[in-house]
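Taken in order, these protein sequences are the chains called A and B. Taking the numbering used here, the leading residue of the first sequence gets 6, the next gets one more, and so forth. Taking the numbering used here, the leading residue of the second sequence gets 10, the next gets one more, and so forth. Cβ atoms here follow ideal geometry from the backbone N, Cα and C, with glycine treated the same way.
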Amino acid sequence: MAKVYTGRDGALIVSNVAVAKVVSFQVTANLETLETTALSDNLRSYTPGVVGYSGSATLLYYKDDSGNINTAKILNRLFRAGPAGVVSTDDVDLVFRWVDGADNNDIRMTAWITSASIGAATGDIVRAEIAFQGTGALTTVTIS
Amino acid sequence: MAFPTLVPTSRSFESGDYPVKTFKAQNGKEHRILYGSNRTNMKLSLTYANITDAEAELFLDHYADETQGTFKTFGIDRDTTKGGWEGNEDAIGAGTHGNAYRYENAPQLVQVRPGISTVTVNLIGVL
Chain A
6 MAKVYTGRDG
16 ALIVSNVAVA
26 KVVSFQVTAN
36 LETLETTALS
46 DNLRSYTPGV
56 VGYSGSATLL
66 YYKDDSGNIN
76 TAKILNRLFR
86 AGPAGVVSTD
96 DVDLVFRWVD
106 GADNNDIRMT
116 AWITSASIGA
126 ATGDIVRAEI
136 AFQGTGALTT
146 VTIS
Chain B
10 MAFPTLVPTS
20 RSFESGDYPV
30 KTFKAQNGKE
40 HRILYGSNRT
50 NMKLSLTYAN
60 ITDAEAELFL
70 DHYADETQGT
80 FKTFGIDRDT
90 TKGGWEGNED
100 AIGAGTHGNA
110 YRYENAPQLV
120 QVRPGISTVT
130 VNLIGVL
């Protein structure tokens, strides 16, 4: 059945748990191209370099009935006490999903949270903004 | 094995000079003595960006096996090494002035990604 996907179909899943109150997310694949244009050429030419994945997401800061904060597995990767900073085990498993009934269209990756911000403003809902950088190959790709 | 026939992605050239000795008298007047009739010491720097490792290896093999490093001189191909130059061929060459090129130093290789490298070679014209 024909379908146009909308924001209602999107889901962000962190470590196999869907994150509540996601406002938006964006995933970008980027191919680095290496220029091979020589001095005698009139047109530019390129060879493929390495591929990388990155993106961002915006979440409402939300506490559910059980007292769990929806951003817990994300913000604590950067907002934390102690001198250790970010360590090699702080990568996160992210799934970006577009749902069509039982049909899931996924992009799954291991990523590092590279920035996180949260604030408060009069008359506005508190939002958390995160950016991430994928590392290695995508684990699952079921979009086409 | 000749110098690899690839067109560089960038080239820089210094024209060299005639062997001139300059003296300056106490009154400030300059005296110059010309010791030879051929211009020499021209410098040609060639960069081959993002070429395959097999192509990059040609430069390493030429340097190591053919010229014995910086020891032997050699000629370069007009159509490729000087590719893109639309002036007279001899203007950026060495042969017209009785020179031949040799490596000024070892080729520099930078691995960019698997199978792709960038090579820079510095040549100097000598009599």
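Starting from residue i, find everything on chain A with Cβ-Cβ shorter than 9 Å and list it in chain order.
i, result
"B:Y20", "Residue identity check: residue 20 of chain B is Arg in the sequence provided, not Tyr. Ordered by position in chain A, the residues that pass the 9 Å Cβ test against B:R20 are L44."
"B:I42", "Those within 9 Å of B:I42 in chain A number zero; the least Cβ separation is about 38 Å."
From the DSSP secondary-structure annotation, give me the bridge partner or partners of residue i.
i, result
"A:S120", "A:A136"
"B:N131", "B:S54"
"B:L118", "B:V128"
"A:M114", "A:L99"
"A:V15", "For the record, residue 15 of chain A in the displayed sequence is Gly; it is not Val. Answer by DSSP bridge pairing, in chain order: A:W103."
"A:D108", "A:D105"
"A:V146", "A:I112"
"B:R111", "B:I133"
For residue i, which residues in chain A fall below 7 Å Cβ to Cβ?
i, result
"B:P17", "A43 and L44"
"B:I133", "Those do not exist, as B:I133 stays about 20 Å from chain A at its closest Cβ, beyond 7 Å."
"B:I125", "L39 and T52"
Starting from residue i, find everything on chain A with Cβ-Cβ shorter than 8 Å and list it in chain order.
i, result
"B:V121", "L39 and G54"
"B:A5", "The structure shown does not extend to residue 5 of chain B, since chain B is modelled only from 10 to 136, so the question has no answer here."
"B:G93", "A43, L44, S45 and D46"
One question on the structure: do residue i and residue j come within less than 8 Å of each other, judged by their Cβ atoms?
i, j, result
"A:L143", "A:I112", "yes"
"A:L64", "A:V91", "no"
"B:S126", "B:D74", "no"
"A:Q138", "A:S59", "yes"
"B:T79", "B:E113", "yes"
"B:R87", "B:E95", "no"
"A:I18", "A:V146", "no"
"B:S131", "B:S19", "Contrary to the premise, residue 131 of chain B reads as Asn rather than Ser in this sequence. No, Cβ-Cβ distance for B:N131 and B:S19 is not below 8 Å."
"B:V128", "B:F83", "no"
"B:A100", "B:Y72", "no"
"A:S45", "B:G93", "yes"
"B:R111", "B:T76", "yes"
"B:L15", "B:E66", "no"
"B:P17", "B:T90", "yes"
"A:T41", "A:G54", "no"
"A:A16", "A:R102", "yes"
"A:V56", "A:A34", "yes"
"B:N59", "A:T52", "yes"
"B:L133", "B:K33", "The sequence given here has Ile at residue 133 of chain B, not Leu. Not closer than 8 Å, so no."
"A:D108", "A:D14", "no"
Contact criterion: CB-CB distance below 8 Å. Does residue i meet it with respect to chain E?
i, result
"A:D105", "The displayed structure is made up of protein chains A and B, and chain E is not among them."
Secondary structure, beta strand (DSSP E): runs of 3+ residues fully inside the stretch 12-52 of chain B: 19-23, 29-33 and 39-43
Which complete alpha helix (DSSP H) runs does the stretch 18-103 of chain A hold, if anything under 4 residues is left out? 77-80
Can you confirm whether the stretch 113-132 of chain A touches the stretch 82-102 of chain A when touching is taken to mean that 3 or more C-beta pairs between the two stretches lie within less than 8 Å? yes
Report yes or no: do three or more beta-carbon pairs, one from the stretch 95-113 of chain B and one from the stretch 41-56 of chain B, lie closer than 8 Å? yes
Should the stretch 69-82 of chain A be called in touch with the stretch 12-26 of chain A, which here means at least 3 C-beta pairs below 8 Å? yes
Just checking, does the stretch 111-125 of chain B make contact with the stretch 36-43 of chain B on the three C-beta pairs under 8 Å criterion? no
Please list the segments of the alpha helix (DSSP H) lying wholly inside the stretch 59-84 of chain B, counting only runs of 4 or more residues, in order along the chain. 62-70
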